[in-house]
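Notes for the one structure printed next.
Residue numbers (the working numbering): 88 to 267.
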């Protein structure tokens, strides 16, 4: 299916100026993996895939999209089965692949600060090394991102006893569609 959103070279150049050339995909082959989730039941080719590495880049990309009324589909690892990562309105897929650091693990207060592209199992292992435990364990924990877990409120088998992702979120830093 062809994108219903046309994005000019000028706009693509703006995305490249924000993230770097290597992190803006416009070729069909590069974009193919971003057109579906793990179900592969639905296929919506994005017009562009952009991979920001930090909050400022996310903000700058969203400002451009907002200015030109371009639909945006945030994307974690695309391991979900609920359709949340599918760019049904085509437009821009905003991939969190590069936004993937564990910034802090505060053992005293039992808190961590992470970016949305951190792989769930990587985070579980990091807290385990400090004698802590992060229970949400979706089946795709070895490849899914914490940001995607939050958007789907993922749980896994341990959810019955320990709860789901939202039960372990204290605070969020978000970027609004306007880029604020």
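Think of the CB as a built atom: it goes at the ideal place given N, C-alpha and C, for glycine as much as any other residue.
Backbone secondary structure at residue i - three-state DSSP
{"i": "residue 261", "result": "coil"}
{"i": "residue 160", "result": "strand"}
{"i": "residue 88", "result": "Residue placement at residue 88 is flagged as unreliable, the pLDDT there being 47, under the threshold of 50; the coordinate-derived value follows with that caveat. Correct three-state label for residue 88: coil."}
{"i": "residue 191", "result": "strand"}
{"i": "residue 111", "result": "strand"}
{"i": "residue 227", "result": "coil"}
{"i": "residue 241", "result": "coil"}
{"i": "residue 140", "result": "coil"}
{"i": "residue 200", "result": "strand"}
{"i": "residue 105", "result": "helix"}
{"i": "residue 214", "result": "helix"}
{"i": "residue 94", "result": "coil"}
{"i": "residue 256", "result": "coil"}
Own chain, CB closer than 8 Å to residue i, minus 5 neighbours either side, in chain order
{"i": "residue 264", "result": "149, 152, 153, 159"}
{"i": "residue 248", "result": "222"}
{"i": "residue 115", "result": "132"}
Cutoff 6 Å; reference residue i; Cβ partners in own chain excluding five residues on either side
{"i": "residue 190", "result": "200"}
{"i": "residue 226", "result": "none"}
{"i": "residue 121", "result": "133, 136, 180"}
{"i": "residue 166", "result": "125, 227, 230, 231"}
{"i": "residue 204", "result": "183, 184, 186, 187, 232"}
7 Å Cβ shell around residue i - same chain, five flanking residues per side excluded
{"i": "residue 164", "result": "230, 231, 232, 235"}
{"i": "residue 213", "result": "189, 192"}
{"i": "residue 88", "result": "Bear in mind that a pLDDT of 47 at residue 88, under 50, signals an unreliable position, so the number given afterwards is only what the model happens to contain. The residues are 130, 131, 132."}
Proximity test, residue i beta-carbon vs the ligand ATP heavy atom, cut-off 7 Å
{"i": "residue 204", "result": "With respect to small molecules bound, the structure shown includes none, and the ligand ATP cannot be examined in it."}
Integer-rounded CB distance, given that residue j should sit under 8 Å from residue i
{"i": "residue 170", "j": "residue 238", "result": "That pair is no contact at about 11 Å."}
{"i": "residue 266", "j": "residue 146", "result": "5 Å"}
{"i": "residue 111", "j": "residue 99", "result": "6 Å"}
Of the listed residues the options, nearest to residue i (C-alpha basis)
{"i": "residue 194", "options": "219, 255, 177", "result": "219"}
{"i": "residue 209", "options": "228, 198, 259, 117", "result": "228"}
{"i": "residue 63", "options": "162, 161, 173", "result": "No statement about residue 63 is possible, as the shown extent of the chain runs from 88 to 267 and does not include it."}
{"i": "residue 118", "options": "258, 156, 162, 204", "result": "162"}
{"i": "residue 144", "options": "205, 102, 156", "result": "102"}
Exercise for review: Inspect the CB distances between the segment 137 to 149 and the segment 181 to 188 and report whether three or more fall short of 8 Å.
Suggested key: yes
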